[in-house]
Amino acid sequence: MTENPSALIPDAQKSRKPLPVVLHPATRVLCHFVILLTMSEKPEFKLFYWPGMLGRGEFVRLLFLETQTPFEDVFKDKSFEEAKQMGYGRGQKHFAFPVIEHGDIVISQTPVICRYLGKKLDHGRLYPNTEKDRLQAEVLMAGVVDVVEEGCRAWHPIDYNADYDSQKEEAKPFIEYYKTKRLPRWLDFFETTLKDNYLANGELVFVGKQISWVDFCIFHFVDGNMFQFPELFDKENTHLKKFHQAIRDRPNIKTWYYSDARPKNNHTIF
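When you line the sequence shown up against this note's numbering, it's residues 87 to 356, in that order.
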């Protein structure tokens, strides 16, 4: 038996260079994001939101994911009851989740969180450049909050904190009104706003010429309603459909959107 194992390798093979490893683009994005998450044992940001739900927490998650910002999803592996018992333990008063923690800064209320992250993440890449565009982003986000709240009230007309199944019969007329009267008006508003900005600036985004934090928030709103009311997108709201596809197919969003880790919509988004 030879003492030098390399002596067993033919000379032709010794000079052969190893073949490069080629990964699918989606796999590269996923691997890169996993590396980012493992580089720091204590991410700079913490997100407190109900486990197993998209809900308002998804507005926040999408901004972290787009910018590849590591964050701790504090309740991710907890049950709903465990999260309820844990609450938020810093002593500050917050009415409801989501809540984020960034160093000694603690913020609740979805629009405030998203605006803050738009300014802070990835050197402010998702923060509009002009005061006019910043205000327009906030106006649009306020609209998202309003229409989401209308939907929640329709699905929970008797007891806002009780589940939908416990008030399903009572909710029927409210849901019908929301579906036929309110939601179409809101979708038309967002469709027209998107179309006008596209015609003015040549980009399929809601504010100015560059993608901003509010685009991801509107994407989440549109995504939920495409699940809940697909018929409203069959022949109408064509710009919103193209916008939804464009955001969904951004590499970092696509990896998350189709992953098993992402909570799934069930029989209702509200």
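Quick reminder that beta carbons are idealized off the backbone N, C-alpha and C, glycines included.
Have a look at Val198 and Val160 and give me their C-alpha separation to the nearest angstrom.
If you take the alpha carbons of Val198 and Val160, they lie about 20 angstroms apart.
Answer with buried or exposed for Gln331, where buried requires no fewer than 16 other C-beta atoms within 10 angstroms of its C-beta.
Counting the other Cβ atoms within 10 Å of the Cβ of Gln331 gives fewer than 16, which makes it exposed.
Looking only at C-alpha atoms, which of Thr354, Glu144 and Gly288 sits nearest to His325?
Comparing alpha carbon positions, the residue from Thr354, Glu144 and Gly288 closest to His325 is Gly288.
Taking C-beta to C-beta, are Pro358 and Ala257 nearer than 8 angstroms?
There is simply no residue 358 to check, as the chain begins at 87 and stops at 356 in what is shown.
Closest Cα partner of Tyr343 within the set Phe181, Thr266, Val225 and His306:
Selected option, being the one with the closest Cα: His306.
Please name the residue in Lys265, Met172 and Ile261 whose C-alpha comes closest to that of Glu317.
Of Lys265, Met172 and Ile261, the residue nearest in Cα terms is Lys265.
Just tell me which of Lys162, Ala182, Glu168 and Val300 has its CA closest to the CA of Arg220.
For the residues Lys162, Ala182, Glu168 and Val300, the minimum Cα distance to Arg220 belongs to Val300.
What do you get for Asp309, buried or exposed, if any count of 16 or more other CB atoms within 10 angstroms of its CB means buried?
Taking all protein chains shown into account, Asp309 has 16 or more neighbouring C-beta atoms within 10 Å of its C-beta and is therefore buried.
Quick one: what's got a C-beta closer than 7 angstroms to Thr124's C-beta in the same chain, skipping five residues either side?
Its pLDDT being 44, under 50, Thr124 is placed unreliably by the model, and the measurement read from it follows with that caveat. Sequence-distant Cβ neighbours of Thr124 in its own chain, meaning closer than 7 angstroms and more than five residues away, do not exist here.
Can the beta-carbon of Phe292 be found closer than 8 angstroms to that of Thr279?
Yes, these two residues count as a Cβ contact at 8 angstroms.
Tell me whether the beta-carbon of Phe302 lies closer than 8 angstroms to the beta-carbon of Leu207.
When the beta-carbon positions are compared, Phe302 and Leu207 stay at least 8 angstroms from each other.
Whole-number beta carbon distance between Thr196 and Val231, since they are thought to touch under 8 angstroms
Right, the Cβ-Cβ distance comes to about 7 angstroms (below 8 angstroms), so this counts as a contact.
Look up Phe157 in the DSSP assignment and say whether it is helix, strand or coil.
Assignment of Phe157 by DSSP, reduced to helix, strand and coil, places it in the strand class.
Mark Gln171 as exposed unless 16 or more other C-beta atoms lie within 10 angstroms of its C-beta, in which case mark it buried.
Of the residues assessed, Gln171 falls on the exposed side of the cut-off, its CB having fewer than 16 other CB atoms within 10 angstroms.
How big is the Cα-Cα spacing for Gly138 and Phe260?
Straight across, the Cα-Cα distance linking Gly138 with Phe260 is about 26 angstroms.
8 angstroms Cβ cutoff met for Phe356 and Trp241
Their beta carbons are under 8 angstroms apart, which means Phe356 touches Trp241 by this criterion.
Between the C-alpha atoms of Phe313 and Asp163, what's the straight-line distance to the nearest angstrom?
Taking the straight line joining both Cα atoms gives about 25 angstroms.
I need the boundaries of the alpha helix (DSSP H) containing Leu285, first residue and last residue.
Run containing Leu285: Leu269 to Asn287, per the alpha helix (DSSP H) assignment.
Residue range of the beta strand (DSSP E) that Phe181 falls in?
That residue, Phe181, is in no beta strand (DSSP E); it is neither H nor E in DSSP.
Tell me the rounded alpha-carbon separation between Arg334 and Leu212.
The alpha-carbon atoms of Arg334 and Leu212 are separated by roughly 16 angstroms.
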